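Those protein sequences? They're chains D and A, same order as listed.
All the letters of the first sequence, read from the start, carry residue numbers 2 to 720 under my numbering.
All the letters of the second sequence, read from the start, carry residue numbers 2 to 720 under my numbering.
Number of protein chains: 2
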Amino acid sequence: MNDKGRVTLPAEEGLESEIATIIDRWGADAVRDSDGTKLTPEVKNMANKVYSKYFFTRGDQEWAKANLDERQHFYLMSEPVTARANHVDIPIMTGYFDQQVSPDTDHDIKTWWEVIDRTTGETVAPEQWTYEQDAKVVTVLEANKWHIYTVSFLAYQLWDPVHMYNHVTNKWDTEHHIPYDPRYPKTRKHIIKHLKKWLDEHEDTNVVRITTFFYNFTLVFNDAAQQKYVDWFGYGATVSPLALQAFEKEKGYKLHPEDFVDEGYYNSPFRTPSTAFLDWIDFQQRFISELAKECVDIIHDYGKEAMMFLGDHWAGTEPYGKYFKNIGLDAVVGSVGDGVTLRMISDVPHVKYTEGRFLPYFFPDTFKEGGNPVEEANQNWLQARRAILQSPIQRMGYGGYLSLALKFPDFVDRVEEITNEFRQIHLKSKETSSYKAPFKIAILNSWGGTRKWMSHHVHHAIWYKQCYSYYGILESLSGMPFDVEFISFDDIKNNGISDDIGVIINAGDAYTSWSGGEAWLDQKVVSTIKEWIDQGGGFIGVGEPTACEFQGRFFQLSDVLGVQKEIGFSLNTDKYNSLSHEKHFILEENDNPIDFGEGMKYVYQTNQDTMVLDMVDSDVTIAANQFGSGRSVYLAGLPFSPENTRLLLRAIYWVASKESLMKKWYTSNVQTECVAYPEAHSFVAINNSYDIQQTTVWKEDGTTVEITLEPMGYEWFEI
Amino acid sequence: MNDKGRVTLPAEEGLESEIATIIDRWGADAVRDSDGTKLTPEVKNMANKVYSKYFFTRGDQEWAKANLDERQHFYLMSEPVTARANHVDIPIMTGYFDQQVSPDTDHDIKTWWEVIDRTTGETVAPEQWTYEQDAKVVTVLEANKWHIYTVSFLAYQLWDPVHMYNHVTNKWDTEHHIPYDPRYPKTRKHIIKHLKKWLDEHEDTNVVRITTFFYNFTLVFNDAAQQKYVDWFGYGATVSPLALQAFEKEKGYKLHPEDFVDEGYYNSPFRTPSTAFLDWIDFQQRFISELAKECVDIIHDYGKEAMMFLGDHWAGTEPYGKYFKNIGLDAVVGSVGDGVTLRMISDVPHVKYTEGRFLPYFFPDTFKEGGNPVEEANQNWLQARRAILQSPIQRMGYGGYLSLALKFPDFVDRVEEITNEFRQIHLKSKETSSYKAPFKIAILNSWGGTRKWMSHHVHHAIWYKQCYSYYGILESLSGMPFDVEFISFDDIKNNGISDDIGVIINAGDAYTSWSGGEAWLDQKVVSTIKEWIDQGGGFIGVGEPTACEFQGRFFQLSDVLGVQKEIGFSLNTDKYNSLSHEKHFILEENDNPIDFGEGMKYVYQTNQDTMVLDMVDSDVTIAANQFGSGRSVYLAGLPFSPENTRLLLRAIYWVASKESLMKKWYTSNVQTECVAYPEAHSFVAINNSYDIQQTTVWKEDGTTVEITLEPMGYEWFEI
């Protein structure tokens, strides 16, 4: 029924006959190697395309070892130490892994390091501290007793963090890969030379799978070799004396260690970004994109495709950044953790195609005795499928060691089904756009479009207690019939709100970049949003939206939202939360208690007109409000679930004052969804659950059709 | 067995024979009238002492009506209004009750009112707004569109708030009492004159029960006659143009309406107090105490006692304030809501005796068909008894309408038992001090000793979801064998930490006065506390102690506490909370899940030495840490219960490094407690539960005795 193709298989030596079978069953048209595997000529001949991984800054360890002064760096902050006397010793490596990082004393430490009194925030003068190199201890000579001190120090990277992760996870016994820094002209030149050499040697490679460019996301380990700090979007590994000097020359001002260390928060994406950090991102993105373009041009000169892995050494190549298009990549491949990470890949602009690497990864953590890879594959596929239907990746694949997967025949069977289903999506949709509501959704935060689908995200698709109640909104949206934009406060300030936006969503904990913090004290931002709502816009606030305590208000848009959060200062003011008795449009399909995830305490209605739709322990958890011709909805939290996706759908249509448009390609059963491709004259109904489901589909013309779907099933129809 | 006496009975007309019986059964030696009742000569003759209520500023309504220009005031803030055009109308009375307050336009509104742009915090120039007196609408002439505006206006009090409360609660049909202001020389003179006249007319009154002095606590009603704003400790009703002018003269600077309105928070005790507000408190306390002294001196001249009710018009007479002793009162009587409010009364200094008015109040809300006054009386007595044993009130009594109580014979029986038990405490303890641990507990907050037993308190003993998890600490302490002090950050800054303090407790939500907010950025405060802990002090932090986000730390004393709270900025740093496996001293008697009340999310251990004693959903809820020679304990919350009282006892002894001293007058059964009076050679074991309990008592010498106690029972022993 389906064409073969669109599937990439991780191959390895010694499995030639099994690979032939799998290629046939999964319809693979490409084979790839992985970290630690090689492809034989026999295997390469089985597929149309051969992908070969390429490591730009750790692929040549001979070079690394011969040029240790050109290793990559981190700026690290020591553990804070409390002065118990009038001098204080700070062992800077406490808590760090000495196989991963080592203090850089080759560059003048009095220039490049910084000691800070964290009780006052003042920098300690360089002559007021000394460093004992053997013991790796900084001593503050005239400390203020009981104050807390930290040292921000430049450190060499001794071990590439992803190589280390793979090494530890797979219990390898290999030489540690050292990352080298292309900021150094000598290394930069070598990288180009080495690439050409490699390309010369890989004639039968069709696709250079760049894993990735030059700097890894920030990933630091502790002294027990456990993860200590991880920022999948971080620029921690891009720092070096050379880069800092170039920055000063280019931007006209000097950065200090504190601009990177950021009180120990290291410019986490949850922080509202500083100007210095945004300038650094811009500076590095430009440098990295320029060098990346040079490399990609060479790859093209060799007649090969350049495919970038979305992850690992991807710092500075942000696909939604200003300079990404200049790189000229053919494709991006990324790991699919869920719907959000699928969209992060599939929405990438300026490439010919995108590819998703599905879970589970063929690693021994899942593919072990008692492991259940089918369950992981099903969950992964169900979350990804919704997103693919709204914004397709063109190819899919798997990663890791095929030998492990082959030990699980039911997994091999299930992947055969999934790959067939994947190809059918492309066949039936004819690669046309799915039906979308006639208005856009905008997610408003401090990062905006440069971090599309990346909010509330610490590390790739990893669950965090503090995030899932917000991340659920993105996960729901990833498979919903809406065009979704990510906009920043600066966008609104500088350009207003685009006419095609129907609903703005602001979600997050107070003072994080996702909620916005002090951006909500900007009169222009606030007034522009209120005017837009007043004229008919819809505003959804989740958790602690618009929060920044000022002038008697914690939620700055409490006049719009009709609710406020009690943070203790107004306990003396009586609250009269009163549940609306009428069934509201938003809750028409909700009969069970709503899952707000971590929820939000102490939210109360500020005026009698606010419609309180739900309360938990007397606190408001859902409120709806009218503001001029516009509307707002407050939600205490919204983890991902079929029920919450439906609740969000209803909240969006209600807040946009477009309730009458909701039942187009709409299903009666919340466990099911329906996606239409008007130009392809087709639609598909999907079952997101593990049970058989019956559902009614509302077509665009208002007619309905009754459908029964197998567990996890789907069915295509003609319009 | 017991002497009669120590009990005050609320009497009323027409119940003479019943009163005689009750006086005998309850052992009452005093009778009192209430708001709305009178005593007949016959009743007065039955008791040793006659209490007569006296209202200083609402007792003469003829005066009030003849001097409407000398009524009391409030500063009120209008509801915030969002400007939807370039001018905005603000109906200032929206949400207020027009029978309680009326805008004061007799004083120049351009001088005494203030319009504020709450989006920017800027005051609108007086020429930029107008007031339409009939409609009661302020118009801002050139408003910033979408900004939020409020009007702070001076309002006359048309109806005394306590009179209104009694009126509404009892469904009275009486004339509304208008409060008049003794700041006006004419009214002040009249108050003295009226007092003398009243004293002349009340020859058989022994005790003038002052209810109370001049200004009620802040109590404002909404347009549905419901409570809108209540601050039992508030100074909202003390304001007037005259007082403000006097303040300026005395303190040398002018106050603005915003100094009272405070962004709409009205200087709630939960706010860290501003200098202006503290100056105002000082200014009014001095004025009020001087006039109160003048009145008390007159009462004494008539040979009568002056007893102040702790409540109602008690603003400015704070018993732990600087000027209270000057008033020269004989006694203070207050309503006993629980152990904390009992201690608030019994610890009052500078009076000859204190009296507690127990619950339930004989009002129709409890004494109605189906009501259970015995249950309320039992709960009230059990919580009060523990506190009385540690710090006794000298007398007890009841309030309300005796006729209602007489309809419940089981209630009359139970009060007979309670009054006997109360007298026995005095008999057996011989009014000597109970055994206390050899170190003091200090509760540290922004208010310190001026608000002893008053933290985490909105209105008299009323439960608030945001408070009970902290208030429970006070309630536990109210009946524990510790001397408890309340100290402020200024105390520590100016005087250091007294040698006799063994444990400091800081408890509250971030940025409230109870936690301390920016006080934790004061180096001297922080260093003094750390040094004290380092030298052996004990520090207990509850909820969000020492919290003020600065320089990478939310809990500023995280180095002492060994824990930190994640507020989103350091999500990228991995947390490794690890439960200590050894049973810790603090939890030796805990086998069941601990009730942390509202608890606290996202607290994590900052270093491996921190002992994590309890976690809920992976968050730390109890941690213990060593800091130098001192110790700290973190608790997520501690609502009042027998189990939590025991947990606190253990935490205190552990953190003070005095574990070996704990088992002195200690009971094995947490439902029981034991209080010793070494000088009286007696001790009592009490059962705080409604079931029979067996317990072992550890005497001071280490010997033990087995005791069985009836439900709610007690037993006295000789040492």
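All C-beta atoms in this analysis are idealised placements derived from N, C-alpha and C, irrespective of residue type, glycine included.
Since this is a predicted model, take the numbers as computed values, not measurements.
Whose CA, out of the options, lies closest to the CA of residue i?
i	options	result
A:Asp-232	A:Asn-578, A:Phe-218, A:Asp-280	A:Phe-218
D:Val-617	D:Arg-387, D:Trp-717, D:Gly-638	D:Gly-638
A:Gly-401	A:Ala-29, A:Asp-36, A:Thr-22	A:Asp-36
D:Ile-807	D:Gly-450, D:Ala-388, D:Asp-224	In this structure chain D extends from 2 to 720, so residue 807 of chain D is not present and cannot be described.
D:Asp-105	D:Tyr-303, D:Glu-71, D:Ala-126	D:Glu-71
D:His-177	D:Pro-127, D:Asp-61, D:Asp-298, D:Ile-530	D:Asp-61
D:Gly-539	D:Glu-550, D:Arg-554, D:Asn-507, D:Tyr-465	D:Asn-507
A:Ala-144	A:Leu-155, A:Asp-135, A:Thr-131	A:Thr-131
A:Gly-563	A:His-458, A:Phe-570, A:Pro-546	A:Pro-546
A:Gly-542	A:Ile-192, A:Ser-275, A:Tyr-635	A:Tyr-635
A:Met-345	A:Glu-319, A:Leu-330, A:Lys-323	A:Glu-319
A:Glu-711	A:Ala-29, A:Ser-690, A:Leu-200	A:Ser-690
A:Lys-525	A:Gln-557, A:Gly-553, A:Gly-509	A:Gln-557
Would you verify that the beta carbon of residue i is, or is not, closer than 8 Å to some beta carbon of chain A?
i	result
D:Gly-265	yes
D:Leu-580	no
D:Lys-531	yes
D:Trp-113	no
D:Glu-377	no
D:Phe-75	no
D:Glu-567	yes
D:Gln-285	no
Using a beta-carbon distance below 8 Å, is residue i in contact with chain D?
i	result
A:Asp-596	no
A:Gly-714	no
A:Thr-276	no
A:Leu-279	no
A:Leu-572	yes
A:Tyr-603	yes
A:Tyr-465	yes
A:Tyr-469	no
When burial is assigned at 16 or more other CB atoms within 10 Å of the CB, is residue i buried or exposed?
i	result
D:Ala-65	buried
D:Gln-158	buried
D:Ile-20	buried
D:Ser-661	exposed
D:Gln-391	buried
D:Trp-533	buried
A:Val-8	buried
A:Ser-579	exposed
D:Glu-370	exposed
Excluding the five sequence neighbours on either side, which residues of its own chain have a C-beta within less than 6 Å of the C-beta of residue i, listed in chain order?
i	result
D:Gly-629	Asp-535
A:Pro-361	Thr-367, Pro-374, Glu-377
D:Phe-310	Thr-212, Thr-213, Val-334
A:Gln-286	Gly-317, Gly-322, Tyr-324
A:Ile-505	Ala-443, Leu-445, Phe-540
On the DSSP bridge list, what partners appear for residue i?
i	result
D:Arg-358	D:Ser-336, D:Gly-398
D:Asn-507	D:Gly-542
D:Ile-708	D:Thr-696
A:Met-724	Nothing about residue 724 of chain A can be read from this structure; chain A reaches only from 2 to 720.
D:Gly-631	D:Phe-628
Sorted by chain position, which residues of the same chain lie with C-beta nearer than 7 Å to residue i's C-beta, five sequence neighbours on each side aside?
i	result
D:Phe-248	Leu-256, Trp-281, Phe-284
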